[in-house]
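Novice:
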Amino acid sequence: MKQTNSQIEVRFESLTLDDLDAVMRIERLAYAYPWSRAVFEDTVVAGYQAQRLLAGTTLLGYFVAMKGVEEVHLLNITVAPAHQYRGWAKVMLEALSLWARGQAAKTLWLEVRVSNTRALRIYKAQGFVQVGRRAKYYQSGHGQREDAIVMSLTL
556 MKQTNSQIEV
566 RFESLTLDDL
576 DAVMRIERLA
586 YAYPWSRAVF
596 EDTVVAGYQA
606 QRLLAGTTLL
616 GYFVAMKGVE
626 EVHLLNITVA
636 PAHQYRGWAK
646 VMLEALSLWA
656 RGQAAKTLWL
666 EVRVSNTRAL
676 RIYKAQGFVQ
686 VGRRAKYYQS
696 GHGQREDAIV
706 MSLTL
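Counted the way the working numbering counts, the sequence shown spans residues 556 to 710.
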């Protein structure tokens with residue numbers, strides 16, 4: 556899939572183990588509690604839907620999703636901090652939704668931190684609705700845990 560955003564041609568490519576150095580740099584910049592390299596390695600080796608969004612050789616972002624029976628679960632979606640506020644999350648969500656439909660999924664699921672209001676707004680704008688809450692789902696500071704909002708999109 557290619558798309559133009561602000562006159563930049565972008566493309567999706569499968570995430571490989573060779574991409575993980577660049578992914579980890581972004582992951583550490585984007586999150587206080589980033590995924591570990593081992594988690595990314597496991598998802599790539601397991602064959603999850605892992606895509607990176609590129610503009611030339613610049614890594615704009617990536618997502619990782621797991622296919623289930625008639626559903627897809629978004630596990631990680633990240634836009635590089637230097638490229639945020641340009642609509643790339645929407646582009647990746649649309650690409651994921653298109654792929655999920657092609658896999659005969661009926662629902663797309665995700666969890667998001669209750670404090671991540673920007674992501675919540677993006678997901679709602681894309682049609683996701685809150686369907687639940689997971690207590691103490693995410694690691695937080697000082698040994699605390701943060702709740703997750705469970706959201707779904709009917710495809």
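Yeah, the Cβ is synthetic: ideal placement off N, Cα and C, and Gly gets one too.
Model, not experiment: these values are computed from the prediction.
Quick one: using the 10 Å Cβ neighbour count with 16 as the cut-off for buried, is Arg580 buried or exposed?
Specialist: Arg580 should be labelled exposed.
Novice: If you reduce the DSSP assignment to three classes, tell me which class Met556 lands in.
Specialist: The predicted position of Met556 is uncertain, since its pLDDT is 48 and thus under 50; no value can be drawn from it.
Novice: If we call anything under 8 Å between Cβ atoms a contact, is His669 one with Ile704?
Specialist: The residue you asked about is not His; residue 669 is Val in the sequence shown. Cβ distance < 8 Å, so Val669 and Ile704 count as in contact.
Novice: With C-beta atoms as the reference, is Arg658 less than 8 Å away from Val627?
Specialist: Residue identity check: residue 658 is Gln in the sequence provided, not Arg. Contact: yes.
Novice: State the start and end residues of the unbroken alpha helix (DSSP H) segment that holds Ala587.
Specialist: Ala587 -> no alpha helix (DSSP H), and no H or E assigned at all.
Novice: Figure out for me which residue from Asp702, Arg641, Lys622 and Met647 has the closest Cα to the Cα of Glu568.
Specialist: Closest by alpha carbon: Met647.
Novice: Quick one: measure Cβ to Cβ for Leu570 and Val599, integer angstroms, because I've assumed they're closer than 8 Å.
Specialist: At roughly 6 Å, the Cβ-Cβ gap stays under 8 Å, so Leu570 and Val599 are in contact.
Novice: Does DSSP put Lys661 in a helix, in a strand, or in coil?
Specialist: Residue state, collapsed to three classes: coil.
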